[in-house]
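Using this note's numbering, you'd call the opening residue of the first sequence number 7 and step up by one each time. Below is one structure; the comments refer to it alone.
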Amino acid sequence: MKPATKFKELVAVFEQLEATASNLKIMDLLADFFSHITPEEARLTAYLLRGKVAPDYEGLELGLAKKLVMRSLAQAWGTPLKEVENRFQKTGDLGDVAARIAPQREGGELSIQEVFAELQTIARASGARSQEVKIQILAALLSRCSPQEAKYVTRIVLGTLRLGVAEMTFLYGLSKALTGTKEKKAILENAFNVLSDLGEVAYQAVKKGVEALQEVQPVIGIPIRMMLAQRVKDLEEVKKHLPGQVIVEYKYDGERIQAHISKQGEITLYSRRHEKITHQFPDIVAALGRALQGKEAIIEGEVVAIDPQIGKLQNFQILMTRRRKHGVEEYVRKVPVKYFIFDILYFEGKSLLKTPLSQRKEVLTRHFPDSDGLTLAKYIMTGDVEEMEGFFAEAIEQGGEGVVLKDVTSIYEAGTRGWKWIKFKKDYRRELADTFDLVVVGGIYGTGRRAGTYGSLLVAAFNPETNKYYSFTKVGAGFTDQELARLPDRLAKYNLPEKYRLVETQIEADVWFEPALVMEITGAELTISPVHTVAKEELKKGGLALRFPRFLRWRDDKSPEQATTVQEIYELYTSIRR
DNA sequence: TGTGCCTGCCC
DNA sequence: ATTCTGC
DNA sequence: GCAGAATGGGCAGGCACA
Numbered sequence: 007m008k009p010a011t012k013f014k015e016l017v018a019v020f021e022q023l024e025a026t027a028s029n030l031k032i033m034d035l036l037a038d039f040f041s042h043i044t045p046e047e048a049r050l051t052a053y054l055l056r057g058k059v060a061p062d063y064e065g066l067e068l069g070l071a072k073k074l075v076m077r078s079l080a081q082a083w084g085t086p087l088k089e090v091e092n093r094f095q096k097t098g099d100l101g102d103v104a105a106r107i108a109p110q111r112e113g114g115e116l117s118i119q120e121v122f123a124e125l126q127t128i129a130r131a132s133g134a135r136s137q138e139v140k141i142q143i144l145a146a147l148l149s150r151c152s153p154q155e156a157k158y159v160t161r162i163v164l165g166t167l168r169l170g171v172a173e174m175t176f177l178y179g180l181s182k183a184l185t186g187t188k189e190k191k192a193i194l195e196n197a198f199n200v201l202s203d204l205g206e207v208a209y210q211a212v213k214k215g216v217e218a219l220q221e222v223q224p225v226i227g228i229p230i231r232m233m234l235a236q237r238v239k240d241l242e243e244v245k246k247h248l249p250g251q252v253i254v255e256y257k258y259d260g261e262r263i264q265a266h267i268s269k270q271g272e273i274t275l276y277s278r279r280h281e282k283i284t285h286q287f288p289d290i291v292a293a294l295g296r297a298l299q300g301k302e303a304i305i306e307g308e309v310v311a312i313d314p315q316i317g318k319l320q321n322f323q324i325l326m327t328r329r330r331k332h333g334v335e336e337y338v339r340k341v342p343v344k345y346f347i348f349d350i351l352y353f354e355g356k357s358l359l360k361t362p363l364s365q366r367k368e369v370l371t372r373h374f375p376d377s378d379g380l381t382l383a384k385y386i387m388t389g390d391v392e393e394m395e396g397f398f399a400e401a402i403e404q405g406g407e408g409v410v411l412k413d414v415t416s417i418y419e420a421g422t423r424g425w426k427w428i429k430f431k432k433d434y435r436r437e438l439a440d441t442f443d444l445v446v447v448g449g450i451y452g453t454g455r456r457a458g459t460y461g462s463l464l465v466a467a468f469n470p471e472t473n474k475y476y477s478f479t480k481v482g483a484g485f486t487d488q489e490l491a492r493l494p495d496r497l498a499k500y501n502l503p504e505k506y507r508l509v510e511t512q513i514e515a516d517v518w519f520e521p522a523l524v525m526e527i528t529g530a531e532l533t534i535s536p537v538h539t540v541a542k543e544e545l546k547k548g549g550l551a552l553r554f555p556r557f558l559r560w561r562d563d564k565s566p567e568q569a570t571t572v573q574e575i576y577e578l579y580t581s582i583r584r
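Here is the structure:
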């Protein structure tokens, strides 16, 4: 019987990982650690690495993030909350804050199991005063830690270990530890893709060896990690990756659902991240029950909200009102949905993961005739770019997001974002995307690798009638590291002690700016916002905002008065509204 | 009982 | 979701 | 090109608190 591994030992590995950039070195460090821990400790380490205490499909959450963790830090060492906040603002990492304010002490009394058990208790706390309980438990745990231990406990809870190690690297390290080479990671990855439980894979691998995981098969009731698509800027580019015949399929703007139907007719629905969402869609469950009639299957598709009057596809925002636990029946009537099935991974006792897509599609067409609430996703088969363009235009016209192009010969590559599936949306192509020239009015401090600069900027449109600026979105994507590093200097001269009086927004920025700088921004589409204020008066139900915003470039040639106007955005909204 | 903050999870 | 970056 | 780590809008649910 091995002695329980100390949390301190894991922390020592973390320290080393944090200091190394080389992937190979990282794998060696992990491998070294894995080779002297028990199967159960390997399981727990896997969960801790992801900032979780269970696989996703068990739905057990810590329910404690930045704000409550800050309160825990304050409580653990009697530091004023204000000071914790200030330090966080400066360093951008609560783990580092914890390490700084924790008093020097040896540590080493905690084992991995004990730390895990405490976090599990936090996760299980619920009901009145449970927030206080969670904070208390974490604070007590932290107070038993050395500064280094406290740093990683904090980061684990926040799910931001920032070590350059996530699931794949973990599996490489495990492979190396157990087989002496990283090459067997493929076996582990395959097992992970089918079991969707990194901890379970780690446990079994350490216990029975990597080879024992060779033939892991899908199980009804355990979600399979979903295959994802790469993206291209243009349909021409598809030819580079998929030269032959491809399936061109509507890309629906809804929620991905993997449905498991057992022989006994038990049905479970899983979201893309393996949350059980069966209770949200009794209508889909009923439709699947009727369609399958005792056959077992795992199928995949997209649920989309449908306009009850005319049957047209509705936008994502409307579907989101169905992500609920109360009043489900009412919303089944109010927001009807349709399940657009596009794949089948298991049927009648057989895994179809290795069956070519063309055959999986045949199974679908043979066994899933359209019915109330169920339809097969619309697609064509072609190798001709012109035809793809036409179908893409049709998909957009019908209310789709774009198209997904799929290699007809490809197997289902669970969990990977490979080139066998390629997505193409309108906003990926510069000429088709809407762009906006917006005024920078606020900044939000960055965290982690963006510590010391801004993580995002609050930008606004101009209204010449009121002479005011109306917030439209925050942008944090699209900046290079170099650009990010320049931001504080570039913006410093416009710094204000408080929000500029002519800026309208309900967002709280860390730093406010005088409207001066203009930047070009693109995004996918307009949404109705509870916090942004563009065209808020005209719309009544909220302001307009931008989904998936990203920075393109500065427009130093433009003054803030020459920025995109509120009126222009509102017109865009009314013109494309469906 | 109503409201607002916080969190987790969809995209 | 999108984007950037080091390996 | 992979894997990881930054970042967005916005919804419902749970809890704290007035």
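Positions of the beta carbon are idealized from the N, C-alpha and C atoms, including for glycine. All figures in this text were calculated on a predicted structure; none of them were measured in a lab.
Outcome for residue i when other beta-carbon atoms lying within 10 angstroms are tallied against a minimum of 16
i, result
"residue 47", "buried"
"residue 581", "exposed"
"residue 30", "exposed"
"residue 521", "buried"
"residue 421", "buried"
"residue 412", "buried"
"residue 367", "buried"
"residue 503", "exposed"
"residue 28", "exposed"
"residue 459", "buried"
"residue 42", "exposed"
Pair within 8 Å by beta-carbon distance, residue i and residue j
i, j, result
"residue 443", "residue 524", "yes"
"residue 449", "residue 519", "yes"
"residue 383", "residue 261", "no"
"residue 433", "residue 528", "yes"
"residue 281", "residue 65", "yes"
"residue 4", "residue 466", "Any answer about residue 4 is impossible in this case: the structure gives the chain only from 7 up to 584."
"residue 244", "residue 76", "no"
"residue 305", "residue 273", "no"
"residue 6", "residue 145", "Since the first residue of the chain shown is 7 and the last is 584, residue 6 is not available in this structure."
"residue 387", "residue 236", "no"
"residue 216", "residue 194", "yes"
"residue 90", "residue 79", "yes"
"residue 552", "residue 534", "no"
"residue 101", "residue 56", "no"
"residue 1", "residue 343", "With the chain running from 7 to 584 in the structure shown, residue 1 is simply not present."
"residue 119", "residue 167", "no"
"residue 163", "residue 87", "no"
"residue 298", "residue 284", "no"
"residue 253", "residue 363", "yes"
"residue 222", "residue 32", "no"
One or two residues paired with residue i in a DSSP bridge
i, result
"residue 304", "266 and 352"
"residue 235", "424"
"residue 156", "None; residue 156 has no bridge partner."
"residue 273", "267"
"residue 580", "Its beta-bridge partners do not exist; DSSP assigns none."
"residue 533", "551"
"residue 16", "BP columns for residue 16 are empty, so no partner."
"residue 312", "319"
"residue 178", "Answer is none; residue 178 lacks a bridge partner."
"residue 228", "Paired residues: none, contrary to the question."
"residue 243", "Its beta-bridge partners do not exist; DSSP assigns none."
"residue 217", "DSSP lists no partner for residue 217."
"residue 287", "For residue 287, which the question treats as bridged, DSSP gives no partner whatsoever."
"residue 519", "501"
Original post:
Quick one: any contact between the segment 138-147 and the segment 106-114, if contact means 3 or more CB pairs under 8 Å?
Top reply: They do not touch, by the three-pair rule.
* Asked: With contact counted as at least three CB pairs below 8 Å, one residue from each stretch, are the segment 375-388 and the segment 285-303 in contact?
  -> Taking 8 Å as the limit for Cβ pairs, the verdict is that the segment 285-303 does touch the segment 375-388.
Could you give the uninterrupted runs of the beta strand (DSSP E) lying entirely in the segment 343-397, keeping only those of 3 residues or more?
Inside the segment 343-397, DSSP marks whole beta strand (DSSP E) runs of 3 or more residues at positions 343-353, 380-382 and 385-388, from first to last along the chain.
Stretch-stretch touch, CB-based, cutoff 8 Å, three pairs: the segment 267-274 with the segment 311-327:
Contact between the segment 267-274 and the segment 311-327 is absent: fewer than 3 CB-CB pairs across the two stretches fall below 8 Å.
- Query: Can you list the alpha helix (DSSP H) stretches of 4 or more residues lying completely in the segment 96-128, in chain order?
  - Reply: Listed in chain order, the complete alpha helix (DSSP H) runs (minimum 4 residues) inside the segment 96-128 are 100-107.
Contact the segment 210-217 vs the segment 225-243: 3+ CB pairs below 8 Å: No contact exists between the segment 210-217 and the segment 225-243.
Original post:
Is the segment 30-43 touching the segment 180-198 in the sense that three or more CB pairs, one from each, lie closer than 8 Å?
Top reply: These segments touch.
Open item on the list: Using a Cβ distance threshold of 8 Å, determine whether the segment 450-466 contacts the segment 474-481, with at least three qualifying pairs required.
Closed with: Touching, yes.
(request) Could you pull out every unbroken alpha helix (DSSP H) segment of at least 4 residues lying fully inside the segment 418-498, listed in chain order? (result) Complete alpha helix (DSSP H) runs here, min 4: 487-498.
At what residue ranges does the segment 26-98 contain a whole run of the alpha helix (DSSP H), taking only runs of 4 or more?
Segments of the alpha helix (DSSP H) lying fully in the segment 26-98: 29-40, 45-55, 72-83 and 87-97.
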